[in-house]
Amino acid sequence: MKWLRRHMLVFLAQSLIFICHTSVRASTSNRVDQAVFYTDINYGGSAISLSAGTYTRAQMISNGLPDDAISSFTIPAGYQVTFYWDDNFTGASLTKTASESFIGLEWNDKVTSLIVSRVPPGEQAVFYTDMNYGGTAVALSPGTYTRAQMIANGLPDDAISSYTIPTGYQATFYWDDNFTGSSITKTASESFIGTDWNDKVTSLIVTKVAPEEQAVFYTDASYLGKAIALSPGNYTRAQMIAYGLPDDAVSSFTVPAGYQVTVYWDDNFSGASLTRTVSEPWIGPDWNDKVTSLAIQKINPSSWQANWIWTANAGPANTWLSLRKKVTLSAKPGRALTRIAAENKYWLYVNNQLVVKDGGLDVRPDLLNTYYDEVDIAPYLTAGENTIAVLVWHKGGNNSYSQRVTNNGGLLFESSLSGSSPSSIVSDASWKVKVHPSFGATTQLILDNSDYKWIAWPVSYNAQADPGAWTSAGYDDSGWSYAVQKGIAGVAPWNQLVPRTIPMWKEYELGAYTNAASFPPTISSNSIITARVGTNIQLRPYLKVTAPAGVKIRIEVNRFYWQEYITRAGEQEFECYAWQNSSGDTVSYQFSNVTGPVQIQILRYRETSYNTTVPGTFSSNDARLNSLWNKSKATSRVCMRDIFYDCPNRERGQWWGDVSQQILYSFYLYDTSSNLLARKGYRELLRSQKSDGSLYTTGPGTAFHLPDQNLAAIAMLAKYYAYTGDRALLEEFYPSIKKFAVYCVNSSNSDGMLVWQDGPWNWIDWGDNKDATPAGAANTVYNGIYAVFLESAANIANSLGYVTDKRYYEQLLSRVRSNFNNYFWNSNANAYVYHRTAGGVQSQIIDDRSNAWAFLAGVANDAQKAAILNVLKTKYNASPYQEMYIEQAMVQLDPQAGIKRMKDRYAGMIDSWSSTLWEEFPASNSNNHAWAAGPLYVMSAFVLGVRPTLPAYEEFSFLPQLGGLTNVSGVIPTIKGNISVSVATSGSGLTQTMTSPSGTTGIVGIPKSAITCGLKEIKVNGIVIWRNGATVTTVPGVTFLGEDAQYVKFRATSGIWTFEAGCTLSAKASTSSLMVAPNPFTTDVTVKAEGIKDQHVIVEIFNSNGTQVLPAKRVQNGTNLSLSHLPAGMYIIKTTAGKKTYSNKVIKY
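What the sequence shown shows, in mature numbering (1 follows the signal peptide of the UniProt record, and there is no 0), is residues -26 to -1, 1 to 1123, in sequence order.
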């Protein structure tokens, strides 16, 4: 710490020298600590050298540098220059860290003031050509540097001998160019690179590392408002403020895995405190805007006091173990934050109350480690004796597609109590354990004797062996064994513990079957009762019967799984432990060994699901489209839980071809809770990345490697960022994205085109009209997705400030696009072919997938787009997986044709009995397959036309592509709130509405094609704003942007807007209107009747129910009304001016 403080003081002293320095004697000699500015390009004309300092216009001139004269400049290693358009460091600014022979058109002869300074510590690595930091020094910002890029930055090939690396960064050196050959990664400075690497580096990568080591604090809920990232440490009030975090301002925060945040009510870590190990979208009413000091700490696995416990055995597989612990508390605790990890699932009881049902996750965070849950059990604890009981289902067995098992059962339990003694309850050797006698042995299910698709052990429960109320305080456990400790947290095979970042499951009330009235009251022989759910959902069947002992009731919800209940004598009830989904819309109760009458009292089911709401909607005048959208929604809901499933009954695999689509259409269905599942999925995929940069397609499992699905997954990250604004995830995994890009480069030929490799499963799609693509060949779809990935990677690099990387990705993309048509376009067929061999021979196959991806990759000219459209109208080859991309392309080329194709292709599924969609066309194989729900995204994002254009919906477009529809409407949930839109047409007119939340701006496009008689006039909230191609007036909050072949476009601030367009002109343009602003509002609004002579108006306000909340009052026209006393909601402001009355809807937040 003394060393750290000493170096901090040195740095601060140096910083003060540069900050305080305002005028430095200029020199025309170029020292290593001076920047040189030239009045001509290519370092020509007058040359003026300036040391570190601040230079106003007058100071520049006094040093010999004229105003508005800079054309080129050199910057020494480790320095930066910030240029300003205006004097005194105002106006537009531009910061550069490297020399440039031309400052650029926008800045040439425009600089009026500037600052020369050292690059802030921690932003650049410096490479030296001699050991001990001697010789030429070249500072490089984070980015990728080929041999040519190194030389361009002044660093010779094969010349590095020593280097400095700032904290939080790393440098990866490569022996050969383009990041190939032997490599070595360093995270700390070295005075000598070593004999093996001295003068051997030909390419290198500088990257940020460990972004997960910062917690981010937000001044608004839902991770909005001002965001301040803080590294581990202790922060007093003064220190918080120094880092930009105001006192009493924290409303939400993110906590990286393996860390904890403790916030304090008072300064210097005093007063009430709250500790969290997971992110909080809202800190809660007791703590909102109350944090005055805080601490961020890494959770050392040894900081856990608890031990993993089990029996003396390692397993065995499919064991159900009961565990109990009694503890006497001095008082009821105020909080009992409990961390629980189990191998694999658990049910937690506190004082005989079920607290957690189906706890734990069925997957791992990566290939080695283990998730843990977190729950507050304080509400269930009391002063005095308490009983903690846990039922753990250890599955074990064989690995599946996405699930990795260990054959060691275990429970880890640690509860930290506040306001009570003892202050903790931990799992250790004092717990009592007993194998639950009611659960019988079964065999792990294997599909078609070939694949363990998911870890499926049927549950057989024999009520005759039921141990009674073993979770209650009075139960006698004296005959139970003591637990055996298996090691502290962090021990293998569970390894590091990672917090669960998704909510606990949503549990519903028991539901009635649709045919319950037809169930027999009594059966006396072996029988089957088929109960109808009526829809495909995740559920647990329930029964209540009076029966003789030994009746077997086999319960099947679908053909892939079963459970069994064996009765004891008398009345009894049972709810299945394992959830299943009703893919057949039914539950089968199969009664056997019926030796006497069985009274059927109740047969029901309990729905369970991922914990999210579904505010998203879509409706149109086409009933078949509406049905398809709703079946897509049902498919989505049943395919998400622990992970995004490809299907919930057959394999429960996190197949990333499916997931990349599921994440997309989830943005149009769910609240932001579903974003957590997407975030968790990406962490599982990328934390399981292989050493060569490739990915497991069912990550975090290791079953398959399908390159095209992996490309689709990583390409989706840019869209994930656009919808969520989750920059932290991009920062965390940017090195993984870059590593994946390098893998792709290494899988490309000399033209830069991706080619199939030996080893991976080179799969594109099911469906038909394909041919074999040998290793070394370039596939059209594969390279189309590659182009989209490279564009995505460039956008991500740009968003994160990796300018060099952005250029690198753009260069790769340019090569793919420039070669694409040469490889795949067949002028004789007037279409794109399926692939091209390594020998240059084109495939004879013309299919819909290849042509759609040529459009999505941005390589087709107008003539080729017309040819693509013709292929998509005539070729129906794809399975539902690729169909989403085809329809996405087609709706943009010809909306009417795209909607027709969608309805044609999905006709069998729309007409099917199934409430969910099928894996293959017309309606076959799995009937609840995630990739089949892609039409939902196409309808909401393109037909309805709402998509973000800036991250987190700061700006979005509302550009409907109606394709012949006359009415379409919907609700789009966003991170900033719901956006509601609608379009209604009559041929001669159109009404287009939009309600958008605060913090958003909408780009509204009025579709010209919807008005068949020709668009002549547009009104906004009743005011004519546009007529015959020109604006005629202004409406506060709406700006005319222009028009193109498809739309007349406007920018609209958040609020409630109604656009009316038609082919006839109003008899007389309205000269008066009511303006209410802002809308939405939080406290005050201005009410002004425009175009009238009256100086006063009468104002009344009504709520959405029509109740008057502001009596009529006479006010000055244009007055400001304070409405802070009104609760949030929608209101109608009614204003009377003379004989005219106006009404406006407004929203109060």
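The beta-carbon is built from N, C-alpha and C at its ideal position, and this holds for glycine as well.
In this text, all values refer to a predicted model and were calculated from it rather than measured experimentally.
Quick one: what does DSSP say residue i is sitting in, helix, strand or coil?
i: K84; result: coil
i: M690; result: helix
i: E928; result: coil
i: W278; result: coil
i: P909; result: helix
i: N1118; result: strand
i: W754; result: Position check: residue 754 holds Thr in this sequence, whereas Trp was assumed. Looking at T754 - three-state DSSP - the assignment turns out to be helix.
i: A(-1); result: Caution is warranted here: a pLDDT of 36 is assigned to A(-1), below 50, making its placement in the model unreliable, and the coordinate value is therefore given only provisionally. In the structure shown, A(-1) sits in coil (DSSP, three-state: anything other than H, G, I, E or B).
i: D60; result: strand
i: D425; result: strand
i: residue 1167; result: Nothing can be reported for residue 1167, as the shown portion of the chain is limited to -26 through 1123.
i: P185; result: Since pLDDT at P185 reaches only 49, below the 50 mark, its modelled position is unreliable, and no value is offered.
i: E625; result: coil
i: D151; result: helix
i: Q1069; result: coil
i: A201; result: strand
i: I125; result: helix
i: P947; result: strand
i: N325; result: coil
i: S721; result: coil
i: I44; result: coil
Suppose you measure from the CA of residue i to the CA of residue j; what does that come to, to the nearest Å?
i: N381; j: G289; result: 6 Å
i: H1070; j: K990; result: 35 Å
i: S196; j: D700; result: 11 Å
i: L685; j: V955; result: 33 Å
i: E784; j: K950; result: 32 Å
i: Q935; j: T475; result: 37 Å
i: L79; j: I44; result: 11 Å
i: S115; j: L659; result: 28 Å
i: N4; j: K200; result: Because the pLDDT of N4 is 46, which lies under 50, any placement of that residue in the model is unreliable, and the number read from its coordinates should be weighed accordingly. Roughly 42 Å separates the two Cα atoms.
i: R624; j: Q144; result: 43 Å
Quick one: what's got a C-beta closer than 8 Å to residue i's C-beta in the same chain, skipping five residues either side?
i: G1103; result: N1077, S1078, I1121, K1122
i: N800; result: Y806, V807, Q816, I820
i: G832; result: A761, E765, R791
Let me check understanding here. Comparing Cα to Cα, which of the options lies closest to residue i?
i: D868; options: S900, E893, F829, W905; result: F829
i: N753; options: T1081, N292, D739, L764; result: D739
i: L248; options: L787, A269, Y53, A231; result: A269
i: P473; options: Q785, A113, A231, P116; result: A231
i: Q8; options: R92, G65, S45, V366; result: R92
i: M1049; options: D42, K693, K70, W1031; result: W1031
i: E164; options: G108, V364, T1109, Y642; result: G108
i: D350; options: G358, N360, L391, S374; result: L391
i: R378; options: R338, K408, K406, G384; result: R338
i: Y776; options: N1118, P709, G758; result: P709
i: G453; options: Y426, T488, W405, Y487; result: W405
i: K300; options: V945, N360, E254; result: N360
Given residue i, which residues of its chain have a CB within under 7 Å of its CB, disregarding the five upstream and five downstream residues?
i: H809; result: T747, A751, A752, N753, T754, S817
i: E545; result: T520
i: D703; result: Rather than Asp, the amino acid found at residue 703 in this sequence is Leu. R653, Y656, listed in sequence order.
i: G414; result: S434, N436
Below 8 Å on the Cβ atoms is my guess for residue i versus residue j; work out the distance and round it to an integer in Å.
i: P925; j: A696; result: 6 Å
i: I497; j: V568; result: 6 Å
i: Q512; j: P622; result: 7 Å
i: A863; j: M883; result: Between M883 and A863 the Cβ distance is about 21 Å, and since that is not below 8 Å, they are no contact.
i: L910; j: K607; result: 6 Å
i: M124; j: L178; result: 7 Å
Quick check: does the Cβ of residue i come within less than 7 Å of any heavy atom belonging to the ligand HEM?
i: S788; result: The ligand HEM is not part of the structure shown, which contains no ligands of any sort.
Tell me which same chain residues have a C-beta within less than 6 Å of the C-beta of residue i, skipping the five on either side of it?
i: T445; result: Y323, N326, A363
i: Y17; result: S46
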